[in-house]
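When the letters of the sequence shown are read in order and numbered with numbering that gives the first Met the number 0, they come out as residues 0 to 260.
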Amino acid sequence: MELERIYNEDCLSTMGIMQNDFIDFVITSPPYDDIRNYNGYNFEFENIAKELFRILKEGGVVIWVVGDSTMKGSESGTSFKQALYFKEIGFRLHDTMIYYKNNPMPQTGNRYHQHFEYMFAFSKGTPKTFNPLTEPTKYRGLANMKNRGQAGTLDYEKVERTKEKKVGNVFFYSVGGGISTKDKIAYNHPAIFPEKLVHDQIITWTNKNDIIYDPFLGSGTTAKIAHILNRKWIGSEISKEYANFAEKRLHEHVNINLFSA
Ligand SMILES: C[S@@+](CC[C@H](N)C(=O)[O-])C[C@H]1O[C@@H](n2cnc3c(N)ncnc32)[C@H](O)[C@@H]1O
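So this is what it looks like as structure tokens:
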């Protein structure tokens with residue numbers, strides 16, 4: 000199995016040649032219902048989920064970014080069904096996180112604007128790595144307590160201090176042309192990840208040299224960010240057209256040859 004490669008094929012074929020317990024981390028966004036027609040390809044969700052469980056190392060994590068389509072007036076509920084299926088086959092539903100779009104496409108009709116997608120974290124056992132993102136918190140506190148000698152008299156020195164705390168599990172990103180990525184070529188794909196989202200999740204769940212897999216690589220965002228962060232990566236993309244765009248995009252960052260299936 001070659002690392003740092005785009006496998007231009009069905010992800011089931013790529014996973015078919017991976018040994019058990021091979022991958023440290025998966026981050027991906029599957030084709031959602033029929034919201035977009037990715038050159039006419041669809042995917043076998045249940046088989047893919049089972050293969051992801053098999054190839055993932057104990058303690059590995061899958062980040063599955065997904066939304067629902069609205070059909071005949073009702074949201075499909077596909078994201079929930081998929082999350083429950085992952086649990087059924089042995090994954091833990093470790094965290095239901097939210098990918099919040101600061102600037103979504105406006106929608107008409109009798110619903111509020113769709114601002115978010117689910118970002119499920121499924122784990123094989125207890126996650127083996129967790130490097131949480133933090134943010135500063137300001138608090139006024141009793142930082143220093145000094146006993147000045149007189150029994151029962153304490154002198155508190157009030158100071159303002161900053162301390163770090165874990166961020167919440169709603170992640171806010173601005174999206175769209177020139178914002179999700181600066182790589183113009185990526186916009187030939189209709190549904191790219193914001194690079195910052197991939198960056199934040201890779202930092203959280205992996206360490207340097209870990210192996211990251213994206214079974215639906217699309218424009219190559221996961222591969223690019225994994226490379227920049229000194230992780231190893233493998234990607235599958237069934238569409239030749241998208242795989243070619245991803246290769247061109249990655250060429251600036253890493254020297255790769257497209258694997259021809
Ligand atoms: C939501 S997009 C992923 C976009 C990606 N996150 C990015 O940043 O560009 C899903 C991709 O999965 C691909 N795809 C669909 N079925 C597939 C399959 N069975 N195996 C591999 N890729 C598939 C589609 O061609 C599409 O490019």
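By construction, the Cβ of each residue, glycine as well, lies at the ideal position given by its N, Cα and C atoms. Note that the coordinates shown come from a computational prediction; the quantities given were computed from them, not determined experimentally.
Under the three-state reduction of DSSP, which class applies to F52: helix, strand or coil?
-> helix
Do the CB positions of V197 and I224 come within less than 7 Å of each other?
-> yes
Under 6 Å from any heavy atom of ligand 1, does the C-beta of E246 make it?
-> no
Runs of alpha helix (DSSP H) wholly within the region 47-99 (minimum 4 residues, chain order) | 77-87
Could you tell me whether any non-hydrogen atom of ligand 1 is closer than 6 Å to the CB of S173?
-> no
Based on the DSSP output, what are the partners of Y31 in its beta bridges?
-> None, per the DSSP bridge assignment.
M0: first and last residue of the uninterrupted beta strand (DSSP E) it sits in = Careful: M0 lies outside any beta strand (DSSP E) and carries neither H nor E.
Round the Cβ separation of L92 and F119 to the nearest angstrom and send it over; I've been treating them as touching at under 8 Å.
-> 7 Å
What does a CB cutoff of less than 6 Å around E134 pick up in its chain, not counting 5 residues either side in sequence?
-> V166
How about I88 and F52: do their beta carbons lie closer than 7 Å?
-> yes
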